[in-house]
Each structure stands twice: as C-alpha cells, then as structure tokens.
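Only one structure is covered here, and it is reproduced in the block below.
Protein chains: 2
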Amino acid sequence: MKILRVNMANLELRTEMVKEEYRFLGGRALIARFMLDEVNPGCEPLGRHNKLIFAPGLLGGSQISSSGRISIGAKSPLTGGIKESNGGGVTGIKLGRLGYKAVVIEEMPRDGQTYLLHITSAGAELLPATAYWGLGVYGAVKKIQGEFGEHTAIACIGPAGERGLHAAGIANTDGDGVPSRYSGRGGLGAVMGSKGLKALILDDTGVKSLQPVEPVSFKEAVKEYAQIMKESPVVESFRVYGTAGMVNVTNAQGGLPTRNFSTGRYAQAEKISGEKMRDIILERKGKPAHACMPGCLIQCSNVYADQEGQVIVSPLEYETIALMGSNLEINDLDTIARLNYLCNDLGLDTVETGAALGVAMTGGLISFGDKEGALRLVKEIGEGTLTGRVLGMGATTMGKILGVSQVPAVKGQAMPGYEPRAYKGLGVTYATSPMGADHTAGSSVRAQVNHASAEGKAELSRKMQYTMPVYDSLGFCMFISVGLGAHPEVLTQLVNGQLGTNFSVAEIFQMAKDCLAWEREFNRRAGFAPQDDRLPEYFREVPNPIVGTVFDVSEEELDRVHGDK
Amino acid sequence: MKILRVNMANLELRTEMVKEEYRFLGGRALIARFMLDEVNPGCEPLGRHNKLIFAPGLLGGSQISSSGRISIGAKSPLTGGIKESNGGGVTGIKLGRLGYKAVVIEEMPRDGQTYLLHITSAGAELLPATAYWGLGVYGAVKKIQGEFGEHTAIACIGPAGERGLHAAGIANTDGDGVPSRYSGRGGLGAVMGSKGLKALILDDTGVKSLQPVEPVSFKEAVKEYAQIMKESPVVESFRVYGTAGMVNVTNAQGGLPTRNFSTGRYAQAEKISGEKMRDIILERKGKPAHACMPGCLIQCSNVYADQEGQVIVSPLEYETIALMGSNLEINDLDTIARLNYLCNDLGLDTVETGAALGVAMTGGLISFGDKEGALRLVKEIGEGTLTGRVLGMGATTMGKILGVSQVPAVKGQAMPGYEPRAYKGLGVTYATSPMGADHTAGSSVRAQVNHASAEGKAELSRKMQYTMPVYDSLGFCMFISVGLGAHPEVLTQLVNGQLGTNFSVAEIFQMAKDCLAWEREFNRRAGFAPQDDRLPEYFREVPNPIVGTVFDVSEEELDRVHGDK
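These protein sequences, in sequence, are chains A and B. Quick note on numbering: my numbering labels position 160 of the first sequence as 161, and the sequence is numbered without any gaps. Quick note on numbering: my numbering labels position 73 of the second sequence as 74, and the sequence is numbered without any gaps.
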C-alpha cells in the first residue's frame, strides 16, 4: 500500500510507501495520526499549511459488504479542530483497490489555478479544471463522466467549497454515478476549494478487489456477517423506510428538532415521516430501497421523485428531513427534497445549512415554515451574495451575525437531528467529541434507556465514542453496528481474514482509543480546552418542553468522558 | 467605599460595603479579581450570567491630574475572554467622588425593557429608557443632559450596542459634556445593550473630591508630578499635535498600517499627519489642544471643525487616523473625521470598525480609497442591514464572511495603529495580552530600540504588559507614563499620600502581576490556550515590504512572556 502526495503549489505528485507505523491504520485513525504527525495544529484551515487527506478504511477495496466508506480529513474551518468526515459511495472502494492508503493534498496553488486529480492504475496526474470550476456538483460530475468515463468514482466540490464557505462538504458518487454521498461535515469542501481542487477522479479499470489473505476463515466470517445482518430487525426497517424511519421515533420521544431546536415534537411530523416518504416514493415509482455502494446488505438509501416521476434527489435522509423539515417547520417532503437537491448541487452539508436556516428564522430573516424563503436563501449561496455567504458559513456564524444565542452547535458545528435535552447521551457526544456536534461520533439513540435522564449518559456516550472510530477506521458503515455491534469477534475475524493479521478483539478496539487520543491531542495543540466541551447556555437553561428538562449532565461528568480534566 | 449592584431582571439595586480584599484594588485589577470571583468564565458574553462592571481607578475621585479614567469590564463578546476597556472624560472622576468602587450590572431584563441608571449622592435608581433607546449617542446624551442636567457625567451606548454588535463601545462624556471618550474595545457596548442599559448617569452635585489622607506628602508628590510632566518633551508633542503626531513617526518606521496592514508606509501620510491636522484646526478656528478631563497636564485631545467652523468631531486621534486613513487609503482628514463622528454616534469602536473596513476592501466589498463607500457602509450599521451587521461585528467576522485571511486581529479583536512586523514588541503584546490585540495593554513604540528586529521584543513587551495594569488600576491615563514612568517613587508617593497607605514601589507593581494572573486565569477557564497567543499566519508568512521582515518572534518566546507554557 502506498500514499500519494500532491503538492498544489509546485504541482509535484509523489508516491511513497506507507510507513510501518501506519500499516494497520486506515480511515479515521490514519487521518488522526497523520494530522498529528504532519500538520501544525495552529495552522489556518484554509491556508497552505493544512492538508486534505482522502483515506479508505483498513478494509477499503476488499469485497466485504459496507466496508468501502471514504474518510476525508483535515483541520476544519468550521470547528478549528481536526475533522474526519466519512461518506458512502464508491470513492473508498476504488481508492482501496488502486492500492492507496491515502491521498494527501498539500499546499495551495500560488496562481489561483484550479485542478482535477485523476488517478488510474497507471498513476496520477493533475489536469486543469478551468472548464469545471464554478459548475454545480451535478453538472460538474456529468461533465467529468463524459470526459473520463461513467465508471469512474468522483469526489467533487460545488460552488460552496470553491468559495470557502464553512458549510461546504465533498460529494462522492454512488454505484449509479450519482454524486450525493456526502462527506458533509466540518467544511472539508472549503479546504478542498482552498487547495484549488475541484475533483478527485478514480479509475480502477483493470484492477480487482483486494483478496483476503486467509480465504478460509474470511469466507466463514463473511457468511456469519451476512447472516447477522439479515436477522437484524433494524436493517429491515432501514430497507423499508430508510433512515427517515427515525422521524416517528424521535418525535415520539420528544427529540425531533423543531423550530430551531425550541422543542422536540413537531405537530406535523407525520407528513415528513419515513412511512409517508415510502408511500410517496412507491406512488411515484421511485425506489424506497437503494444501495449507496454495490453489495450493501442494508440499502438505507432511496430515490425520491416528483409527481411526474422525475428524480428530485437521491437519497432523502433523516438528518436532512429533521434539519430542513421539522426544524424549519416545513411540512412537506417535496420542499425538503428540493432544498436537499439545491444543497447537494452547491456542495453544502444539509445539516449545517438546515441549522443555519433555523437560526435565521429565529433571528427573523425569514419566518418559520416559509418554504419559498428557505429555497430563496439557499439559492443566494449559489449567487454569492453577502446573505448567501453568511448562510453558507453555518449556524454559529448566522447566530453571531443576527445576535441569536439559540444556536444548536458545539465547537462551531451544528447539531444533527437529535435534540440533546431529549437525547442526553447524544448531547454528551455533541459536547465532548473532538469532531464538534456530530451524531456519527457516538450515537446513543438506539440504546434502551431513558434518554431524557442525565443518569449514566456520560458513560453511554463514552462507550459509543470509543466504538465508532473502529468502524470509521475499518471503512465500515456505522449502520452495520446494529448487527455486528454485538459480535465483535466476527468483525475481528473479518479483519484478520482479509489482512492476514492476528488481532484480538481488544487490539481492534485499541484503534479507537488511539484515534481519539490523537484527535484530542491535535485539538489541544490547536487551542481547545475543557470549556470547548460544552453545550450552548440555551440548552442548559431552557427546558425542552416535551421532556421537561434542560441538558443537565454536569460539567464534571463531561470532563470525565475522556478520562481527563 | 461601596459597590452598587444592579439586577436588571428584578430591578433590585443593592449597595454593599467593599470586601476587605478589594479595598486596595481599583479599575482594571478590581475588574479582573471581581470577574474571576463572580462570573463563570464559560458564560455567554451577551447572556444573563455575564456582568458589566464600571470601576474608577484606585485614585478615581481624587484631585490628582489624569487619574480619573473609568475602567469598564466584562467578558467580551469580541474575544470571548475578560475585557477591561478604560476611557477618559469625567465618568471615573464622578463615580469616585460619589464613593463607588464599582457599579456592577447583573442579569438581563426579562421583558425586553430598557433603562437608564441614575446615580446621585442620594442613591441610585433605574428609570425607563424608552424615549432614549434607538437614539444615536450624541442625541441621547443631549436629551439626557436636558433632563438630568448638563453637569452630569454620562456613559452611554448607541444603536450598535443596543443591537449587540461586537464592535460596539461605551461613550463617556468629557468635561464639556461631549460623549466621545470611548471605552471602545472588546464590544462592551454590546454587553451594556444586552443588559438593556442605555446610559449610566452620574450626578455628583454637593459632593467634593476625595481628600488626601496625608496632605503634606501628597502635596509634595503632586508638585513633583506636575514638574515631571511639564519637563517631558513627549507631553509637549501631545499638546501641539495630539496623538496624531504619531503618523509621521510610524510612517517613517514602516509601521503605519496601510491598505489593510499590507504595508507600513502610506505615500500620502503627510495629508493625514498631526502636523497637517494642526494646520487645519488652526485655520478653521478649532482647538489643537484640549483636555478630556479637567486639570489634565497633557491635553492630547482636540476639536476638529469643518471649513465653516462647525465641529465635525472631538477628538480626532491617531488610532482612528491610522485605521480609517492609511489603512483604507483614505487621504483626507475631513473624511476620517466624518467616519469618526458616525462611529461615535452609532457607538462603535473606530479601531475595530476601521480594521473591518480594511478587510472589506481586501475582500472587494468596496475599493481602497473609496471614501463614499466607507461612509455608506458605516451608515448601513445604523440602518441595521445584514451588511451593516457583518461590518459591526468587526474585522475577524468580516474576514470570515468574505473569505479573507489577511485579518489584522488577535483573539477576535482588531489591531490598533501599529503594524506588528514593524513594531515587534507591540506584536508580542497583541499576541499575548489577555485583552486581545490592544496597544494599551503594553506598548513598546516609544522604546529606543530597533523595532523591526525580533530580538529582545518578548522581554520588552513583558515589561510593558506588567507595567500598564498599574496605570489602568490607579485610574491614570497611560500617557502619564511618558513622565512618571521613570519616577515610580513619585507615583507611589501619590498613592500613599491620597490613601494614607504605606505601599512600596514593589507593592504597587505587584498589582500588575496579580491583575494579569487573574485575567489569564479567567481566560484559561474560558477556554483559552497557548495557541490563542499567536498572530495570524499572514503576519508570520508575508513580510512587511518596508521593513522587509515577517513577524518572527518564536512561539517559544511568546509562550514565555507570561512565564508559563
């Protein structure tokens, strides 16, 4: 396995062998270690000293189902700390197959030039992106596919990333070539934009999947894995309702963000629920179940079409529905799908953008429920107006500019679709994760506990936070945890079978501890302190009226999550 | 001496005796200790847990010349750390005479009501501010003087503070009743606005100056003090050219901020110099020398009129000329004076606003040298447009929104009129002061050294930073240091004579050490780390073309300024 370094200042491309100490690191853990080793934590995120890293998981490129996620990392312009944001689609798979442990983008073009990075089995090259820069994600990817082939995997930014907006993400193409699998969080699209890189294009023609070193035990593990996933009732729900199945669950528990996180229950939740979505999709001949990467055992994705059967967006997911639906009191899925499409095309994280719109509504820029107003504001991001730039910087900046203190964000990054006073375990994760507010850093939502009680939630969050990096580093989708979570020995056997290693379960999980330690050390050197591991005052002082409590996990408990003061 | 606490939530006013441990603290040091004792450093600056403190210096209310400055403090919305901003005029003198060591504004009005705080020798009262809220500073003060008498001292905010803009300051009236002595920095006007307090009105009718406890030695010391100041050549220059005399000095040394701190020399500096200003003032029958508080031995202030002899603004000072003149490539004093007047009336810090305009020019919002554009943008702050709100949030926010990394600011607060690559001692102060970029926290400009060399500058800054809190805590204007700086024994004798104490010089200077230790501890608890004690990358990577160097004081030296890692 090798690492490709791309210097955007002198346009040098250099391939080097992976250092021994990186050999059994992948994805998130590799990014954490690499950033700590090579990037000055004090650097400006959109300056030349930051590095943007694309890293498949340790299993990336193998034939293991749902193990092909791509981890993208850098110092985040949104949080000012380390960021790893992983996405589905086929970028991770193809990068792994091509034999790259990581692609590292360094420096900045000195002359304002823009580039495509094209990687094939023959090598890598930088090509001018003049004809692509400025295009929306869908248009750019179509043009790239026309030029480089429909079989390529593409990671691409839109105008939001080009303009350095902090809500900008990076879009990855799925198995159908649709660029809507987002490494959305942390503003990594802006880092890619600052490097003058419009797209990473991966062509794995003539290259096969990475073969398991121990085929016998591997085959056994794969069989068990498939069986476990098949038996999971959660997987069944994902396939039927997509992630949107969560709407009715969180609404019932008082944790569906509504009216800029004022409350946790939306009177019209039924209209934006997974059940409703399934009905609409079936009626309009869309696809209620769809795989973001080939061979997925879960298929939580979907294809959402309008009344004429024209695709509006694929997929429509829970986080987007929560942040751009109930959170804005927008009560129809068609509008949410249109907002989603606009964000995808501009290259924006829907969570951050939805949260920023919610803050804008509290601040009176537009009214709650104003569908046309929301669409118009997002379009302003594309037009590059000052209002558009403010919105494109995310919820924290919007709150600052409008003087709104009710801002659902930690470390500058907006909370996803779980209200933290109703889901206190997730609230602890939002507060204490080195990633900023992020459910994928350690979600407690599926635990069978009283989510609105503070008791035991710091410990629950800790447990989840020290589990997720394993998935994020192997390249696994976090949803496989609903099955494999209870079978770490199968997960371990899959790793050992593929890589020919002899890791124990404990050794696999040590990767999570190392990963978090490196991330927290990076953040410490970047200037983070315990005070940064807090929810905003609003959540500690104003109760969620449905569950009747404020966020009351103590500061001492928050500080103990990572075992230090 | 007593402390007045004003609770804006329940409208309770409570007078209490000063705690023994606060007895020999005043101004900045008292604020530092008080904030550390009473305010949660993690609180939101514009939320109910922050406190706004008005504190005269330890000598406030005495007859000692230039010892009547008012210190105003709180957790700053601009920096997120502790802030003390002192201003001239008569607020500090009258508050001292009335026997208050501090006035502490707590909580926030729950119903959005607004108030005036009126203090006389008979006591204090809160009165509705409905008729005043929304008025500019000049209009509000005129109306207050009509109602409460022209002899009152007034500390007042403008629309910028009312709207929570982070560049908002607090205006204090001078001896002529003109509200232009600003406690400008750190966004304290926004804190006052968040408390629903439009103005503090002090009526000292029937109250005398505080008498010295040891009149004989006091009289001796006052005489020596007056003689020292009289003999200082710098004082003479202040009286002739005002602080604007600095323009030609810094321009010659390559340290006059020009074109958003791109360089340190302005080709048209002569047109905005102190010499030019004096000629204009004399020609137009203004006042080239003027005292901001009665009996001042320096009189660096002035009254600047237009061609018809109508006053435009008083005073016109170096920092404003640098930030709104050369920094914007605006080459005439009349325009600068008009910008200054607008800022004063809206209740804005001219340093922060000028720096934000410079960043806006780099970002292409308007062009360098565009006088009408600059005036129009500042007017937008008054109109409350989104552009106005962005500008009113200061330079760092402007840079973020426009994607400009060339932002002259530290800890979110803009640099004043000294380019830090040319004045490396001040650069160290900008970087390491708990106040954010602030020349008054420890200026090295008058030292006889090679300012553009990094050598010895950390030590020089340290020396100045550990001197200034003495002046800031006694209530002295920092300019008396040009005389008394070399005579700490006279300063000590003044203190002992007035208070009847027996402090040694070392004990007086211990106040500075304590003050900085408390401030830094507050900031540490607020989440500050060594990484926050840095200049922006721009200044470390791009040379000031006049002096030919970048800011090259090492991070290790910066970390050693306060004697810790």
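Ideal Cβ positions, reconstructed from N, Cα and C, are used throughout, including at glycine.
Short CB-CB distance (under 8 Å) between residue i and chain A
i	result
B:Phe262	no
B:Lys401	yes
B:Phe369	no
B:Ala75	no
B:Thr388	yes
B:Ala527	yes
B:Glu538	yes
B:Thr398	yes
B:Arg422	no
Residue environment, residue i, which counts as buried when at least 16 other CB atoms sit within 10 Å
i	result
B:Lys84	buried
A:Val214	exposed
B:Lys95	buried
B:Glu320	buried
B:Ala423	buried
B:Leu559	buried
A:Ala306	buried
A:Leu283	exposed
A:Leu475	buried
A:Met247	buried
A:Gln414	buried
A:Leu5	buried
B:Thr206	exposed
B:Ser444	buried
Interface flag, residue i vs chain B, CB-CB below 8 Å
i	result
A:Gly43	yes
A:Met394	yes
A:Gln532	yes
A:Arg111	no
A:Ser406	yes
A:Gly165	yes
A:Thr244	no
A:Val554	no
A:Thr80	no
A:Val391	yes
A:Arg535	yes
Where residue i falls: helix, strand or coil (DSSP)
i	result
B:Pro216	helix
B:Val236	helix
A:Asp280	helix
B:Met18	strand
B:Pro57	strand
A:Asn249	helix
B:Gly296	coil
A:Pro160	helix
B:Gly393	helix
B:Lys566	Annotation note: pLDDT 40 at B:Lys566 (below 50); position unreliable, coordinate value reported separately. Correct three-state label for B:Lys566: coil.
B:Asn341	helix
A:Val551	coil
B:Asn497	helix
B:Lys272	helix
B:Ser482	helix
B:Leu99	coil
Rounded distance between the beta-carbons of residue j and residue i, thought under 8 Å
i	j	result
A:Met230	A:Leu298	4 Å
B:Ala527	B:Gly43	6 Å
B:Leu536	B:Tyr431	6 Å
A:Ser327	A:Pro258	6 Å
B:Gly197	B:Tyr116	6 Å
> Using a Cβ cut-off of 9 Å, which residues of the segment 341-371 of chain B contact any Cβ in chain A, in chain order?
Replying inline: Leu366
> Between the segment 43-73 of chain A and chain B, which residues of the former have CB atoms less than 9 Å from a CB of the latter, in chain order?
Replying inline: For the segment 43-73 of chain A, which is checked against every Cβ of chain B, the residues closer than 9 Å are Gly43, Cys44, Glu45, Leu47, Gly48, Arg49 and His50.
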